[in-house]
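Peer 1: Below are the structure tokens for one structure; questions will follow.
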Amino acid sequence: MDLLLTESGIAYSVHSYHANPGAIIAYVQFRGPLNHPNRIKLDISLSEKMALKPESRMIKSDFADLPDFKILAYSLKEIMSEKIRSIMQRGYSRDYYDVWRLLKENEFDKQEIKDLLVKKCKLKGIPYEPGLLFDKTRLEEARAHWSRGLSHLVKELPDFDEVISELKAGLLFLQK
């Protein structure tokens, strides 16, 4: 991590660090441009298998003293398929919201997403079961955590039932 200090000029300290065979979770403290203390959570999966190559993305800075830079990131296709797979496995309110937003703001090749989702399920060792997306128990749990889990992240939280209705229509292609 000395490279981080050398390259960025940002001093930091690792506040806490927890590692297990599947992941590393660390909280890193640093001082921002105005010398304000900040903290970021790093949640690093050691078992995640990507189906597609990462894409190079330009990050544009709002600060004159910080130049634009590139990072490697998941493609939107991979994020979408991973979020849908996540709903099949656990059904968190955040995953339903994220898939809804991705569908609202982007155009996807439906067959490509379905094929990628099948591949992601195989990589995770779970069956491809699109019927689980709107399983009654999963939906009840997501509804129960909708406001509490998302209201601090989303300025205007959409109605849960409207989101689910739109998702059912938008993800119909997965059932075929």
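Sequential numbering of the sequence shown, starting at 739, is according to our numbering.
All C-beta atoms, glycine included, are put in the ideal place defined by N, C-alpha and C.
#1: Between the Cα of P868 and those of K821, K893, L895 and K842, spot the shortest distance and give me the residue it belongs to.
#2: Please go through the same chain and pick out, in chain order, the residues whose beta-carbon is closer than 6 Å to the beta-carbon of L841, but skip the five residues on each side of it.
#3: Report yes if the CB atom of A757 is closer than 8 Å to the CB atom of S783, and no otherwise.
#4: Around the Cβ of F898, are there at least 16 other Cβ atoms within 10 angstroms (buried) or fewer (exposed)?
#5: From L814, L772 and I778, pick the residue whose C-alpha is nearest to that of S794; which is it?
#6: Applying the 10 Å Cβ sphere with the 16-neighbour rule, what's the burial state of S819?
#7: Which of the three DSSP states is assigned to M818 in this structure?
#8: Kindly say whether H883, judged by its beta-carbon, lies nearer than 8 Å to any beta-carbon of chain C.
#9: S783 bridges to which residues according to DSSP?
#10: Starting from the Cα of R823, find the closest Cα among F872, R886 and A882 and give me that residue.
Peer 2: Taking the definition as stated:
#1: K821
#2: G908
#3: no
#4: With 16 or more Cβ atoms within 10 Å of its Cβ, F898 is classed as buried.
#5: Comparing Cα-Cα distances from S794 to each of L814, L772 and I778, the minimum goes to L814.
#6: S819 should be labelled buried.
#7: helix
#8: Given the protein chain composition of this structure (a single chain), no chain C is represented.
#9: A761
#10: F872
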